[in-house]
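S.K.:
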Amino acid sequence: MIALTCTGKLRIDTLENLQTLSWIRIENWKVKNSGNLANLRKLRVEVYSDSDLNRFFNSIAELERLVSIRLVSVDTYHHLPSLSELSLLHSVTKLRLEGRIRMLPIPQEFPPNIVQLTLQGSFLMLKSPFANVSLTYVVCSKL
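Throughout the sequence shown, residue numbering follows the numbering used here, covering 125 to 267 in sequence.
Here you go:
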């Protein structure tokens with residue numbers, strides 16, 4: 125793996141062979157044509173409580189090789205923004221959510237092919253809606 129540090133403005137959508145993007149802030153995700161990122165498999169994104177995740181999910185929905193996404197909240201005391209559009213991510217099989225979550229999305233809002241769900245620092249209560257969520261294809265969940 126090659127680490128790349130860029131001090132100027134780098135257009136991510138020009139990196140056609142990029143397979144892993146291990147860290148990017150959501151406000152820096154200004155991809156004009158995500159179809160150019162056809163080889164992207166793993167993505168880690170820092171989000172804020174007021175981030176527009178629906179717009180972000182729409183922009184990466186066509187990435188057919190994206191199998192792992194990690195959303196990390198940088199607002200320690202705030203909740204992750206709405207996750208209702210996760211279902212757009214058809215190729216994602218591994219989902220990691222780091223940060224406070226008010227409640228989990230309903231099963232139909234998760235990526236349809238998810239097999240691994242990891243929650244870190246979610247502060248979900250033991251009697252939270254998660255107890256009632258049945259994700260048919262999840263074979264590994266880490267809380």
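All residues carry an ideal CB built from backbone N, CA and C; glycine is no exception.
Keep in mind that this is a model prediction, so the values were computed, not measured.
Run through DSSP, which three-state label would Gln143 get?
M.R.: Gln143: coil per DSSP, three-state reduction.
S.K.: Is the Cβ-Cβ distance between Leu212 and Leu187 less than 7 Å?
M.R.: No, these two residues do not count as a Cβ contact at 7 Å.
S.K.: Could you have a look at Ser252 and say whether DSSP puts it in helix, strand or coil?
M.R.: Note that Ser252 scores a pLDDT of 49, beneath 50, so its modelled location is shaky and nothing firm can be said.
S.K.: Is it true that the CB of Val155 sits closer than 7 Å to the CB of Ser183?
M.R.: Cβ distance < 7 Å, so Ser183 and Val155 count as in contact.
S.K.: Taking only beta-carbon atoms, is Lys166 less than 7 Å away from chain C?
M.R.: Structure shown: chain C not included; a single protein chain is present.
S.K.: Buried or exposed for Trp153, going by 16 or more other Cβ atoms inside 10 Å?
M.R.: It counts as buried.
S.K.: Rounding to the nearest angstrom, what Cα-Cα distance links Pro235 and Thr138 in this structure?
M.R.: When rounded, the distance between both Cα atoms is 26 Å.
S.K.: If you count every other CB in all the chains shown that lies within 10 Å of the CB of Glu151, and 16 or more means buried, which is it?
M.R.: When all chains shown are included, Glu151 counts as exposed.
S.K.: Leaving aside the five residues before and after His202 along the sequence, list all residues of the same chain whose C-beta is less than 6 Å from its C-beta, in chain order.
M.R.: So the qualifying residues of the chain are Ser173.
S.K.: Given this structure, state the Cα-to-Cα distance separating Leu228 from Ser146, to the nearest angstrom.
M.R.: Computed Cα separation, rounded: 24 Å.
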